[in-house]
Each structure stands twice: as C-alpha cells, then as structure tokens.
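Asker: Reminder that position 194 of the sequence shown reads as 970 in my numbering, one-by-one numbering, no gaps.
A virtual CB, placed ideally from N, CA and C, is assigned to each residue, including glycine.
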Amino acid sequence: MYEEIKKLDPFSYKFLMKEFERQNTTIELIASENFTYKAILEAQGSIFTNKYAEGYPGKRYYGGCKYYDEVERIAIKRCKEVFKCEHANVQAHSGTQANMAVYFTVLEKGDKIMAMSLNQGGHLSHGHKVNFSGKFYNRISIEMREDGFIDYDKTEEKAIKEKPKLIVVGASSYPRKIDFKRFYKIAKKINAILLADIAHIAGLIAAELHPNPNPYYDFVTTTTHKTLRGPRGGIIMCRKEYANQLDKTVFPGIQGGPLMHVILAKAIVLNEAKKKRFKKYQEQILKNSKTLAKELKNLGFDILTGGTDNHMLILDLRRKKLTGKEVEETLEEVGITVNKNVIPNDPNPPAITSGIRIGTPAVTSRGMKEKEMKIIANFIKEAIEKRNDKKFLKSLKEKVIKFAKNYPAYIL
Ligand code: DSN
C-alpha cells in the first residue's frame, strides 16, 4: 500500500507511515474519531476524485456526469431511508458547512439563535464568537444544570422570553440522550425554526438506539465520520418545504464542485448503516462506553452526569485537583489519545479545562469489547496516578503498544 506516494514524495510518505504506526499502536479514545471501513478508504482514493459535477443529479453544469448522478441519487435515497427524512443534501463538505447552509437558508444577519455554548458542550458553529456563526448571529445559550444535564424547564422559560428565530439542538460533548421532542414543544410555543445537529450521534440514530429528530425537525445536520464511521464530510436533511432553498444555498450559495469521491463513500456507508451488523456495532459502542464509565467510576473518578447514554463520557477532574491539559498530556505519553474538555462552570480556561472527553467508537471498530474497556480503565488510572514517574510511564507505554497491536486498525 502507498507505494506510489513513496515514489512521488518520500517526505510525505515518511509521515504517512508514522501515522499508520501511531494509529495501530495507540488507544484512540477521541469521541469524534473513528477508523473508517476499507471500502470508504478505497472510495475516497478512487477515480471519482477526477470529475467536476457542479449542480445536482440531472442538472449539472459539466458534461460526463451520468454515473455521478446515479451515485448521488442513491446516496440521497439511502440517507432518506436511514434517517427517515423528507429531503437530503449530501454535498456538504463538513458539519460546519452543513450548519452554515441551514443558517443561510433561513436566517438574516443579526438574527437571534439559541444553542449550547462551547463550554456547555456545543460546537463552534453553534454561535461561538470566533466562528462565522457568532459573528453573523446573536446566540443565547441553552440552560444547563450544575450536574451537566440540560435544564429543559429553564431553557423553555428563556426561549419564551427571548424568542430566538432558530434553536440548535445538539452537541459535541453531551453524554446523555437529548430530548428532541421537548425541544420541539418549546420551539412550537415560540414559532422557532428547529435544527438538530446530530454529528456525534448519527450512527446511534441510524441504528435506532437514540431518538431521531426527523421528521418533526425543520433541519437535521450531521457529519459522516464519527459514530457513522464513514468518510470525513457532512449531510443536511430537511423538510420538503425547505428543499429547493437549501439546495440553492449549498450550491451555488456556499460551495462549488461537490467532492464526488466523498459522496461515493457516503453512499457506501449509508448502505452499511442499514445492515444488522451495523446495529450490532453501534450496540457495542454503547456497551463499551457504559462499561468504561462504570469501571472508571469504580476506580475513583467522577463522571459528569454520573454516566453515559451514548458513545462518550466526560471525566470531571475537579475533585482530583487535576486539569484536562495535564491528563491529556499524560495519557498521550503512554499512547492513549483523548481530548481535554470544558465542564459546566469550569474554573479553568478552554486551553486548560477540568474535564476529559472519552469516546468508544474507534476502539469498538477495532473489535474491542467490555473486557478490553476494563483493561483501558486501568491503564488510565495507572497513568494518572503515577504521572510523575517517567520510568513507570515508559513501561506502561510498552504495555499499551502490545495491547493495541492485538487489535490492528489496518493491516498494510
Ligand atoms: N471537532 C468535533 C469534535 O471533536 O466533537 C466536532 O466537529
């Protein structure tokens, strides 16, 4: 594999191979990452990368698009079947561009939106001031409880008082089920437009293991590479009445040529998502995150909200007087990859934090189950407890490498 890259560019090849080694010899626990299927890698490296196909199936601005039309049509059809939505646009390059397309379809500059802020678990594209969404729109926050759960009653009171034009329901860091129906009822009361951002939980929703906001939400956006395990990219779903306007916003509004090799890969993963084995995979993601949360709790860690309903859990490090930054760095030293994460009322800034987000999609893709989660929980505990003992960390790293190699992410 990668022989042509080696010939053309030895510099890039060297780092590609180093990354190949890193992926196979570390324990990947970043909640938004995964190891995609080989078929998806093939699709993304395929000849579908060669063609411009601006426009939509049957209405392209370039000749020679007939096979691309077939693939995009099937991707849309499968998306509608899997997520039970009325319309799908599979051209969004990313989750942020998917959200941008929705905002540009229904909002004017200066409009008020309601969403979780970054430190509540929301995403940059949910109105953060450094992002276009925070520069163009005026974001008010969803209300959260001290224990990390969404406070639906207070959110409703605030929404009635503030009357946002659009409510974004979804998170990058929320370990519990989201009550989409409750938000629907809130939005109905104030006539707000509803957008669910299901990027993190798309795989669970596809497998019917998490409530689905379709079809009673106006818009649903997702990425395709997290729990869904597909290519890096985005999808936008909406009710029929918004379909034409949304498609126009995506192209020619905010994007040019669609990445047809990625749309090919989206079609493939959406087919996979209909299968029994995909549901089993998603069930195992849940079993693994629940086991990891329980084991870490038994080992003396505080878990934000007390546990998890999805693919992630969040360690609250305040009682241990540790920061997310130092734990992330310690774990990286032994080959365990996680990310620091802000927690409600975090005394530390986002670059330091008092939390750690841990997710199980990637380790589950490597075939790990409950037994392995117990071993990983112990690795985490030992690394943190003996974080100042460099010799110990070195020997633990060796153990992690040996363990990880038993579950190859990919074989050359
Ligand atoms: N950056 C992603 C995450 O880690 O959750 C969201 O896009």
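Would you mind working out which of T1099, I1160, F995, A1041 sits nearest M876, comparing C-alpha positions?
Answerer: It is F995 whose Cα lies nearest to the Cα of M876.
Asker: Looking at I977 and N1086, is the spacing between their C-beta atoms short of 8 Å?
Answerer: It is a contact, given that the beta carbons lie within the stated cut-off.
Asker: How many Å lie between Y844 and T1113 at the Cα?
Answerer: When rounded, the distance between both Cα atoms is 37 Å.
Asker: Rounded to a whole number of angstroms, what is the C-alpha to C-alpha distance between Y828 and Q820?
Answerer: Each residue's alpha carbon lies about 15 Å from the other.
Asker: CB K965 to CB L883, shorter than 8 Å?
Answerer: No, they are not a contact pair.
Asker: Can you list, in chain order, every residue whose CB sits closer than 5 Å to a heavy atom of ligand 1?
Answerer: Going by the Cβ distance cut-off, the answer is S808, S948.
Asker: Ordered along the chain, which non-local residues of its own chain (more than five positions away) have a Cβ less than 6 Å from that of I1079?
Answerer: Taken in chain order, the residues that qualify are A1069, K1073, L1089.
Asker: Measuring alpha carbon to alpha carbon, tell me which residue in K1157, N1117, K1063 is nearest H924.
Answerer: Checking the sequence shown, residue 924 turns out to be Gly, not His. The option with the nearest alpha carbon to G924 is N1117.
Asker: Using CA atoms only, rank isn't needed, just tell me which of K888, I1177, K790, Y789 is closest to A968.
Answerer: For A968, the nearest C-alpha among the options comes from K888.
Asker: State yes or no: is the C-beta of S917 within less than 8 Å of the C-beta of S948?
Answerer: For S917 and S948, no; Cβs fall outside 8 Å.
Asker: From the DSSP output, which residues share a beta bridge with H863?
Answerer: Its beta-bridge partners are C1014.
Asker: How big is the Cα-Cα spacing for Q1060 and F1155?
Answerer: About 21 Å.
Asker: For a quick check, are the C-beta atoms of K860 and N1047 less than 8 Å apart?
Answerer: Not in contact: K860 and N1047 (Cβ atoms no closer than 8 Å).
Asker: Taking the C-alpha atoms as reference points, what is the distance between K1173 and T1106?
Answerer: One C-alpha to the other measures close to 11 Å.
Asker: Alpha carbons only, please: which of E1109, A975, N1115 is nearest the one belonging to D1092?
Answerer: Answer by Cα proximity: N1115.
Asker: For K1116, name the three-state secondary structure that DSSP assigns.
Answerer: Residue state, collapsed to three classes: strand.
Asker: In angstroms with no decimal places, state the Cα-to-Cα distance between Y832 and I1030.
Answerer: For Y832 and I1030, the distance between alpha carbons rounds to 14 Å.
Asker: At the level of alpha carbons, what is the spacing between I806 and G1082?
Answerer: Near 20 Å, if we compare the C-alpha coordinates of G1082 and I806.
Asker: Please determine, among K1101, A1041, R1005, the residue with the shortest C-alpha to C-alpha distance to P1137.
Answerer: Closest by alpha carbon: R1005.
Asker: Report all residues from its chain with a CB closer than 8 Å to the CB of E830; omit the five preceding and five following residues, and keep chain order.
Answerer: Closer than 8 Å at the Cβ level, and outside the excluded window around E830, lie R836, Y837, Y838, F1027, P1028, G1032, G1033, P1034.
Asker: Pop quiz: G1010 and H904 are said to be a contact at Cβ under 8 Å. What is the actual Cβ separation, rounded to whole angstroms?
Answerer: Incorrect: roughly 18 Å between the Cβ atoms, too far for contact.
Asker: Around the C-beta of L980, are 16 or more other C-beta atoms found within 10 angstroms, so that it is buried, or is it exposed?
Answerer: When all chains shown are included, L980 counts as buried.
Asker: Let me make sure I understand the geometry here. Which of L971, K1063, Y1186 has the alpha-carbon closest to that of Y1018?
Answerer: Nearest option by C-alpha distance: L971.
Asker: Does the beta-carbon of T825 have 16 or more other beta-carbons within 10 angstroms, so that it is buried, or is it exposed?
Answerer: Result: exposed.
Asker: If you drop the 5 nearest sequence neighbours on each side, which residues of the same chain put their C-beta closer than 7 Å to that of T851?
Answerer: Reading off the sequence, residue 851 comes out as Ala, not Thr. Contacts found: V866, I1039, K1042, A1043, L1046.
Asker: Pick helix, strand or coil for K1162, following the three-state DSSP scheme.
Answerer: In the structure shown, K1162 sits in coil (DSSP, three-state: anything other than H, G, I, E or B).
Asker: Which residue wins for smallest C-alpha separation from Y1057, given the options M890, P1184, M1144, E933?
Answerer: If we check each option's Cα against that of Y1057, M1144 comes out closest.
Asker: Under a three-way DSSP split, which group does E804 fall into?
Answerer: The answer is strand: DSSP assigns E804 an E or B state.
Asker: Whole angstroms are fine: how far does the CA of R958 sit from the CA of D973?
Answerer: Rounded to the nearest angstrom, the two C-alpha atoms are 15 Å apart.
Asker: Mind checking who T999 pairs with in its DSSP beta bridge?
Answerer: Per DSSP, G1010.
Asker: If you draw a straight line from the alpha carbon of K794 to that of K1175, how long is it in whole angstroms?
Answerer: Going from the Cα of K794 to the Cα of K1175 covers about 19 Å.
Asker: Over the uninterrupted beta strand (DSSP E) stretch that includes V945, give me the two end residues.
Answerer: From DSSP, the beta strand (DSSP E) with V945 extends over 942-946.
Asker: Once DSSP output is grouped into helix, strand and coil, what is the label at M890?
Answerer: Three-state DSSP puts M890 in a strand.
Asker: Among K1170, T881, G1111, which residue has its Cα nearest to the Cα of Q1021?
Answerer: For the residues K1170, T881, G1111, the minimum Cα distance to Q1021 belongs to T881.
Asker: In this structure, what does DSSP give as the bridge partners for A767?
Answerer: No information on residue 767 is available, as it lies outside the stretch 777 to 1188 that the chain covers here.
Asker: How about E857 and K1050: are their beta carbons less than 8 Å apart?
Answerer: Taking 8 Å as the Cβ cut-off, E857 and K1050 qualify as a contacting pair.
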